[in-house]
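Some notes on the structure that comes next.
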Amino acid sequence: MSALLYNGDKDISHERESRCINMLFVILVLYVIGIAFILLSVFGSKTEGLSTKHTLYTIGSAIITIAIFISIGYAIQYLTAALYGL
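Take the sequence shown: its letters are residues 1080 to 1165, numbered as in this note's numbering.
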């Protein structure tokens, strides 16, 4: 990863790697929260109504969808920066 981020005499790898790790952490947290909401909707209490389970599932799906779009956008941004850096 560092080899892609080295740009001639400007070494910007540390700054980009730290941003990359931070963004990956945010994406991972979003996936975990989304999966937790979906698991709560599936394996939740039997006393919960159908609307509560549906709401939990919808929120979990929305969070995972947001994480997917952030992942795609960040991958495009990273690959574009790596290609322009060559």
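Idealized CB from N, CA, C, for every residue including glycine.
key: Own chain residues within Cβ distance below 7 Å of Ile1145, not counting five before or after   = Leu1109
message = Output needed for His1133: all residues of its chain with C-beta closer than 8 Å, excluding positions within five of it in sequence on either side, in chain order.
response = Ser1120
query = Does DSSP put Asp1088 in a helix, a strand or coil?
reply = In this prediction, Asp1088 has a pLDDT of 46, which is less than 50 and means its spatial position is unreliable; what the coordinates show is noted afterwards. Coil at Asp1088, not helix or strand.
ask   = Do you know whose CA, among Gly1123, Ile1106, Arg1095 and Glu1094, lies nearest Ile1151's CA?
value = Ile1106
inquiry  = Looking only at its chain, what residues have a beta carbon closer than 7 Å to the beta carbon of Ile1031, apart from the 5 residues adjacent to it on each side?
reply    = For residue 1031 there is no data in the structure shown, the boundaries of the chain being 1080 and 1165.
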